[in-house]
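S.K.: One structure follows; several queries about it will come next.
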Amino acid sequence: MYFIRANSRDNFSGGETHRIERFFTRVTGEMNDVALVLLKTRIEKHVSVTFLRPDAFVHSGTEVVTFGWGEADYNTWPRYLRMVTMNITDASKCRKEYPGTNWICTGEKNLSNCVISPGSPTHINGWLMGIVSLGGNKSQSRTPIANVNLRKYWKWIESYIKDQQYA
């Protein structure tokens, strides 16, 4: 049985917990699989996610923000949600590190992205752009961070959202 916590910046308490009823996965073969979750109950407080338009173009150097509870030090996890600001990296450098077309890479020189972890959302001006998938660990702080490019999955995500509305 799996749960999510909503409306809390505290990793261990507060907000609402909701049981996950079902997972929907999209496997692409490029290691950047996407999963959606259907909750057993509706989140009572207002929560909204605004996706980047599927036709929007993301430029190298654009500032992005990622939130997460990633490892602070070896086997030490923070209590409160943390945030890091990064930039979109050059697409050719991204493809060199992570072959395929479904990635948007982020990072900066000497960035220790230990504040984020796989599954963390990446935003551009409040618009959800991607989900952290690979890279950027402490030993490789110069390695770009591969984010699943959610624009590539827009139609698939939209179809599940429409089909799984609560009554």
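Counted from 1, the sequence shown has number 8 at position 8 by UniProt numbering; the numbering is strictly sequential. Don't be surprised by glycine CBs; every beta carbon is placed ideally from N, CA and C. Note that the structure is a prediction, hence the values are computed from the model and not measured.
#1: Output yes or no for whether 8 Å exceeds the beta carbon distance between Thr143 and Thr122.
#2: Buried or exposed for Met83, going by 16 or more other Cβ atoms inside 10 Å?
#3: In this structure, how does DSSP classify Trp77 when only helix, strand and coil are distinguished?
#4: CB-CB under 6 Å to Ile161, same chain, minus the five flanking residues each way: which ones, in chain order?
#5: In the structure shown, what three-state DSSP assignment does Ser60 receive?
#6: Grab me the residues of residue 171's own chain with a C-beta within less than 6 Å of its C-beta, minus the 5 sequence neighbours each way, in chain order.
#7: Do you know how far the Cα of Thr66 is from the Cα of Ser120?
#8: Taking only the alpha-carbon atoms, compute the straight-line gap between Trp156 and Asp90 and give it to the nearest angstrom.
#9: Quick check on DSSP: helix, strand or coil for Glu21?
#10: List the endpoints of the continuous alpha helix (DSSP H) containing Trp154.
M.R.: Reading it off the structure:
#1: no
#2: exposed
#3: coil
#4: none
#5: coil
#6: Lying before the first or after the last residue shown, residue 171 is absent from the chain, which here runs from 1 to 167.
#7: Spanning the two alpha carbons is a distance of roughly 7 Å.
#8: 27 Å
#9: strand
#10: That run of the alpha helix (DSSP H) goes 154-163.
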